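Let me begin by presenting the structure, written as structure tokens, before commenting on it.
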Amino acid sequence: LSDSYNPDICVAEQKAWMELIAEVQGEGQIFYRRRRRRVKRKSGNIDDFCRRWGSQYSYMVVLDADSVMTGECLSSLVRLMEANPNAGIIQSSPRASGMDTLYARCQQFATRVYGPLFTAGLHFWQLGESHYWGHNAIIRVKPFIEHCALAPLPGEGNFAGSILSHDFVEAALMRRAGWGVWIAYDLPGSYEELPPNL
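Quick note, my numbering runs 149 ahead of the 1-based positions in the sequence shown.
What follows is the structure, encoded as structure tokens:
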């Protein structure tokens with residue numbers, strides 16, 4: 150799913166998609182879609198996908214433009230979902246990578262040093278009541294559609310309108326409906342880029 154609007158980026162995305170299909174013979178199995186109307190940011194794009202095609206899938210994996218997961222990590226997430234039928238979301242623990250500014254390199258180093266301990270601690274304390282970072286996670290589609298639709302906040306001003314931190318709210322809604330939200334803290338192969346500076 151893409152929300153790109155820059156014509157050059159849109160062309161590059163389509164070209165990369167066609168090259169990927171040719172490379173892995175993925176015709177009819179790998180899809181690219183860019184919305185014409187960009188409503189409600191990323192959560193609107195996911196909502197649109199779920200309404201149109203969600204019933205055709207058991208799970209979906211959400212990535213950001215600056216995140217990536219290995220095939221083994223994706224396969225492991227599917228196996229974890231299959232083995233845990235009460236899990237609604239399983240969040241991987243992405244490692245920071247890919248940036249070369251001083252600030253980003255310091256952040257990358259810090260996440261390599263204490264990130265594994267931090268996420269293991271989150272897993273220990275939160276168990277199946279974790280939060281969701283909005284990317285690098287697998288989601289059980291049916292309960293997500295049934296329980297995680299985000300209505301705009303009422304009123305006017307800064308605290309009204311679309312919910313920006315949709316991921317935390319979606320995790321809470323999934324939990325309220327009785328589904329587990331887990332962190333797969335020890336799963337390798339999940340990466341994201343950090344901002345290059347403050």
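Positions of the beta carbon are idealized from the N, C-alpha and C atoms, including for glycine.
From a predicted model like this one, the values you see are computed outputs, not experimental measurements.
Nearest-angstrom Cα separation, counted from residue j out to residue i
i: Lys-164; j: Pro-344; result: 26 Å
i: Pro-337; j: Val-330; result: 19 Å
i: Phe-267; j: Gln-178; result: 37 Å
i: Ala-171; j: Arg-183; result: 20 Å
i: Phe-180; j: Gly-193; result: 18 Å
i: Phe-348; j: Ala-232; result: Lying before the first or after the last residue shown, residue 348 is absent from the chain, which here runs from 150 to 347.
i: Asn-346; j: Arg-254; result: 10 Å
i: Ser-224; j: Glu-305; result: 44 Å
i: Cys-297; j: Tyr-252; result: 35 Å
i: Ile-312; j: Arg-190; result: 10 Å
Beta-carbon proximity of residue i to residue j, cut-off 7 Å
i: Tyr-281; j: Ile-239; result: no
i: Arg-324; j: Glu-295; result: no
i: Val-290; j: Tyr-206; result: yes
i: Tyr-151; j: Glu-162; result: The residue you asked about is not Tyr; residue 151 is Ser in the sequence shown. It is a contact, given that the beta carbons lie within the stated cut-off.
i: Ile-287; j: Leu-226; result: yes
i: Gln-256; j: Ala-245; result: yes
i: Gly-310; j: Pro-303; result: no
i: Cys-159; j: Ser-339; result: no
Whole-Å CB distance - residue i paired with residue j, under 8 Å assumed
i: Glu-341; j: His-284; result: 7 Å
i: Ser-242; j: Ala-333; result: 7 Å
i: Phe-317; j: Cys-199; result: Phe-317 to Cys-199, Cβ: 18 Å. No contact.
i: Trp-166; j: Ala-236; result: The pair is not a contact, with the Cβ atoms about 30 Å apart (cut-off 8 Å).
Buried versus exposed call for residue i [16 or more other C-beta atoms within 10 Å across all chains shown]
i: Ser-204; result: exposed
i: Thr-250; result: exposed
i: Trp-202; result: exposed
i: Thr-219; result: exposed
i: Ser-216; result: buried
i: Leu-322; result: buried
query: Residue ranges of each alpha helix (DSSP H) run of no fewer than 4 residues wholly in the stretch 307 to 339, ordered along the chain?
result: 315 to 325
field: Whole runs of the alpha helix (DSSP H) within the stretch 169 to 236, excluding any shorter than 4 residues
entry: 190 to 202 and 220 to 232
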